[in-house]
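Trainee:
Residue numbers (this note's numbering): 89 to 420.
#1: Quick one, are the C-beta atoms of residue 135 and residue 407 less than 8 Å apart?
#2: What is the DSSP secondary structure of residue 118, reduced to helix, strand or coil?
#3: For residue 125 and residue 302, I'd like the C-alpha separation in whole angstroms.
#4: Tell me whether the segment 139-148 and the segment 287-303 touch, counting them as touching only if at least three CB pairs, one residue from each stretch, are closer than 8 Å.
#5: Measuring only the C-alpha atoms, how far is residue 332 from residue 210?
#6: Please return the same chain residues whose Cβ sits closer than 6 Å to the Cβ of residue 353, not counting the five positions on each side in sequence.
#7: What are the start and end residues of each continuous alpha helix (DSSP H) run of 4 or more residues lying completely inside the segment 292-366, in chain order?
#8: When we look at the beta-carbon of residue 323 and count the other beta-carbons within 10 Å, is it buried (16 or more) or exposed?
#9: Going by beta-carbon coordinates alone, are residue 298 and residue 351 separated by less than 8 Å?
#10: Which residues bound the alpha helix (DSSP H) around residue 258?
#11: Which residue wins for smallest C-alpha separation from residue 404, given the options 415, 414 and 366?
#12: Note down, in chain order, each residue of its chain lying with its Cβ closer than 8 Å to the Cβ of residue 386, except the 5 sequence neighbours on either side.
#13: Identify whether residue 427 lies in helix, strand or coil by the three-state DSSP scheme.
#14: Using only alpha-carbon positions, find the residue among 143, 185 and 180 that is nearest to residue 112.
#15: Measuring CA to CA, which of 362, 296 and 205 is closest to residue 263?
#16: Please report the residue range of the alpha helix (DSSP H) in which residue 166 lies.
#17: Suppose you measure from the CA of residue 130 to the CA of residue 370; what does that come to, to the nearest Å?
#18: Would you kindly report the start and end of the unbroken alpha helix (DSSP H) that includes residue 392?
#19: Quick one: what's got a C-beta closer than 7 Å to residue 315's C-beta in the same chain, skipping five residues either side?
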């Protein structure tokens, strides 16, 4: 299998992860009128398909580690359960995130939800595997927290005078972030220790966990929608345009690609899961940029809200750069 060790390659993979994790949700925007509960079934298909494709290609060739199929066959029950549980936790968090995007938009749901997940995930991952300069790592995280606060303030400015239901997206984003920060330590645990599995197998079992958990949880969200809309029926899925199904599959494949890139980077000796996860969750900045510059979600916002967004981007970039150089102290 392919497993990088050079820091610059690992950094490149972390940036790919950030780009993928910050861009996949655009697929939701490509399906106007398609309820997110229906979109999610296609998203899960894309997630599993990409996990299999990457495993049978990059995971099966190269001189490092165990080939994909052999790794899957010899997986211990402990590693399997950890990766599977990570997928289940992620599934609930991601369903909440997609609901928040549907209600509040990309520029709000991602910075708040994923930004909070960065803090929770980075701290827990560092406790489990302390790599990198802690001052730089947690200093960067503090800057990200500041960016989250500014984004929430900009959101309040934009939604001033709007119905209370419009603020539901912010609350859902916060709940999603708390859960989203909890899945990565589980997957990291599957890739470490005596019975560790490689990232390609971890992604597959993770995707299976997402799919299995999605059946009851997404069905529940279909019956009781978080956006206060009418219950969703599967008949609407069957009559949806093909391009909407393809958009959902593409969204899942993009997210899975980002996850694999991030898991591979975290396995590099110098990096560790805390730094890899933190940079990957810089996806917040990418998604906010999509929401602001492409989808014009703040086009009618006040000048004060736009100033807050500008400082949000500055703090995110500063925090991301600080986190990126944290592992370099290990080279000394």
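Just so it is clear, CB atoms sit at the ideal spot from N, CA and C, and this is done for glycine as well.
Mentor: From the atom records:
#1: no
#2: coil
#3: Rounded to whole angstroms, residue 125 to residue 302 spans 10 Å at the Cα level.
#4: With a cut-off of 8 Å, the segment 287-303 and the segment 139-148 count as touching, because enough Cβ pairs lie within range.
#5: So the alpha carbons of these two residues sit roughly 34 Å apart.
#6: 98, 101, 102, 359 and 364
#7: 322-326 and 330-355
#8: exposed
#9: In this structure, residue 298 lies away from residue 351, with their beta-carbon atoms at least 8 Å apart.
#10: 256-278
#11: 366
#12: 195, 242, 246, 379, 380, 393, 394 and 397
#13: Because the chain spans 89 through 420 in this model, residue 427 falls outside it and cannot be assessed.
#14: 185
#15: 205
#16: First-last of the alpha helix (DSSP H) with residue 166: 165-192.
#17: Going from the Cα of residue 130 to the Cα of residue 370 covers about 25 Å.
#18: 391-413
#19: So the list reads 187, 190 and 191, once near-sequence residues are dropped.
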